[in-house]
Ligand code: NAD
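In the working numbering, the protein residues as written are 164 to 488.
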């Protein structure tokens, strides 16, 4: 049976691929197709070990290309869709690609999936589609009030995915996860950016007053949640995936400074991000109650291991950081 993983060469998709391969026999997948356009954030080295597995085939191509999507989803049982433009700051300076990839690309993939009789389609989304919340947590039926070009393009893709379920009966599940951290995250995102800056003795840019709150989840826990939804999620349903570790950006920065043996003199306050959401908080009781999801990686232990990974894998991040600057 075939499963297609889009965006498999990115941060989360590559980890998901490894975890799916560990369970592929049990799930009945012996044909695992990795589709990725290898944009700046998609790295072939992220899937090097997966490519050594005889069940795996890599396809270099875009989800916006009908020939590509029709080819990969032909005879597929399932699609797990991670491919996206994913960095909020980039969406503020160049929104168009976000709508092309995230909205039109997702629609193209959905179209190929429904024409080819795909039986399970997991659309991986983000809690950022809900906007910002002062207190309490969002449930899955909360209004979508996205504020950035990134989150609005993801919201558009969520709605397209759900419409393909209602209109065509495609068996779509949508997941909305909080902020992920872990190995192989592109060094433009806050945790790898700060750790690698500190390693080089550079200051870390902290937006505004540093009091924006994010809920952090280890990438392994996100992937566990997506696997549960792939296996047992109900068609047409949305599942929030959260971690329960809410921190202000300042708190997070202080922890990273301590783990890197530095102090607050390394913080450089910078002008706030345009439209910066103040607080994200998802209520993930639905996936817990229905599918038995429970995060397994404690934040302190996960963060320390992540910092250590960037220390040990300089050859992975340094070329990316040099090219991006
Ligand atoms: P990433 O930027 O590391 O990876 C994205 C991958 O998609 C890359 O490999 C890239 O080459 C590929 N890609 C981009 N455009 C493509 C196209 N047109 N065709 C095929 N492949 C294309 O991002 P990530 O952090 O791994 O995020 C993966 C997914 O998870 C995204 O959909 C994102 O919205 C969602 N998500 C991320 C987080 C987070 O904290 N990182 C949280 C919640 C949800």
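For glycine and all other residues, C-beta sits at the position ideal for the given N, C-alpha and C.
The beta carbons of residue 462 and residue 379 sit about 6 Å from each other, so the pair counts as a contact at 8 Å.
In the three-state reduction of the DSSP assignment, residue 423 falls in the coil class. Counted as a single uninterrupted DSSP element, the beta strand (DSSP E) harbouring residue 199 occupies residues 194-199. For residue 267, same chain residues with a beta-carbon under 7 Å away, outside a window of 5 residues either side, are 227 in chain order. The alpha-carbon of residue 481 is positioned some 14 Å away from that of residue 346. In this structure, the ligand NAD has a non-hydrogen atom nearer than 7 Å to the beta-carbon of residue 205. The beta carbon of residue 198 sits closer than 7 Å to at least one heavy atom of the ligand NAD. DSSP places residue 168 in the uninterrupted beta strand (DSSP E) bounded by 165-169.
In the pairwise beta carbon analysis, the stretch 306-324 is classified as not touching the stretch 356-363: fewer than three pairs are separated by under 8 Å. Selection 271, 207 and 197 evaluated against residue 229 yields 271 as nearest (Cα-Cα). Going by DSSP, residue 284 is part of the beta strand (DSSP E) stretching over 283-289. Setting aside the 5 residues that flank it on each side, residue 175 is surrounded in the same chain by 245, 287, 343, 382, 385 and 386, each with a C-beta closer than 8 Å to its C-beta; the list follows chain order.
Under a 10 Å Cβ-count criterion, residue 188 is classified as exposed, with fewer than 16 other Cβ atoms of the shown protein chains found around its own Cβ. For residue 256, the closest C-alpha among the options 205, 311, 206 and 207 is that of 311. A direct Cα-Cα distance of roughly 15 Å separates residue 168 from residue 206. Under the three-state reduction of DSSP, residue 442 is assigned to strand.
When Cβ pairs closer than 8 Å are counted between the two stretches, the stretch 410-424 is seen not to touch the stretch 214-221, the count staying below three.
Within the chosen limit of 7 Å, the ligand NAD reaches the beta carbon of residue 287 through at least one heavy atom. The continuous beta strand (DSSP E) containing residue 344 extends over residues 342-344.
With a contact defined as Cβ atoms closer than 8 Å, residue 204 and residue 349 qualify at about 5 Å. Comparing C-alpha distances from residue 164 to each of 172, 241 and 171 shows the shortest one belongs to 241.
Set against 7 Å, the gap from the CB of residue 366 to the closest heavy atom of the ligand NAD is not smaller. Counting along the chain, no beta strand (DSSP E) covers residue 329; the unbroken alpha helix (DSSP H) around it starts and ends at 312-331.
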